[in-house]
Structure formats: structure tokens, C-alpha cells
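Student: Sending over a structure as C-alpha cells; questions will come in a sec.
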Amino acid sequence: MATREIVGVYVGSRSRERAQGLWNALPSLYSSVCSYTDFWSACDEVFPSKRHQSVGEKSGKTSYIERSNCTLRQRVSRLVRKTLSFSKKTENHIGAIWYFVHHYNLSLLV
17 MATREIVGVY VGSRSRERAQ GLWNALPSLY SSVCSYTDFW SACDEVFPSK
67 RHQSVGEKSG KTSYIERSNC TLRQRVSRLV RKTLSFSKKT ENHIGAIWYF
117 VHHYNLSLLV
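Residue numbers (the numbering used here): 17 to 126.
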């Protein structure tokens, strides 16, 4: 069942350390399900091979997260470069993302 709830967030580069941070941010319930990524090589190193599959954009298996990323960019203007809203401090940037995540997840309950 797809709830579209955001269950894990980790802000940073696409390095191995950040992939490990994302894996650690996921609730243990989700460590037993299969995850799909867009050939992010760091995930191949961090996520268990039985629980991870790299897929292309034409597979449609990343469509939920891509839609979620689009919604995030549309609703959090700080994520758009060259705007007056762009955060110069990393803490403010991350705070805005977490604010959106909590508000978005609460809106799904209604």
C-alpha cells in the first residue's frame, strides 16, 4: 500500500557516508522492504543487496520519490537556486526541509 508518507530524510551530498546516513534514518520496519534507486552507486555499497535494486527512470519504480522530490521543490522555495528565499545557512536549509516533511506527513492523516 502506498501512503506517500516521507519515512526518512538525510540532507547532503551523494557520497557513501550520506547513503549510510539515509539508511540509518529509515525506521527499522523499512529495512526489510525492497528499495529502488537511480543507479546511485553509494546505495549499492550501503543498502543490503537483497533489499536494493538500481533501476532506470523508464521502469517507473522511482516515480513516487521523484513526485515527492518535485513536490518538495515546489513547496520549499529555499531549494530553488537564484531566488531570494535560498538559504545561505545549512541549518536553516535543513530546518525548512524538516518543517515541510512534518507538515506534509500530518496533511496525509486528514
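We put the CB at the ideal spot given by N, CA and C, even for glycine. Please read all numbers here as calculations on a predicted model, not as lab measurements.
Per DSSP, what are the beta-bridge partners of Y52 in this structure?
Tutor: Paired residues: Q69.
Student: Pick helix, strand or coil for G111, following the three-state DSSP scheme.
Tutor: Three-state DSSP puts G111 in a helix.
Student: On the CB-based measure, 16 or more other CB atoms within 10 Å of its CB, does S48 come out buried or exposed?
Tutor: Result: exposed.
Student: Where does the unbroken alpha helix (DSSP H) through T78 begin, and where does it stop?
Tutor: First-last for T78: undefined, no H or E at that position.
Student: From W6 to G24, what distance separates their C-alpha atoms?
Tutor: Any question about residue 6 goes unanswered here, given that the chain covers just 17 to 126.
Student: Here's the rule: buried if 16 or more other CB atoms are within 10 angstroms of the residue's CB, otherwise exposed. What is F63?
Tutor: Buried: at least 16 other Cβ atoms inside 10 Å.
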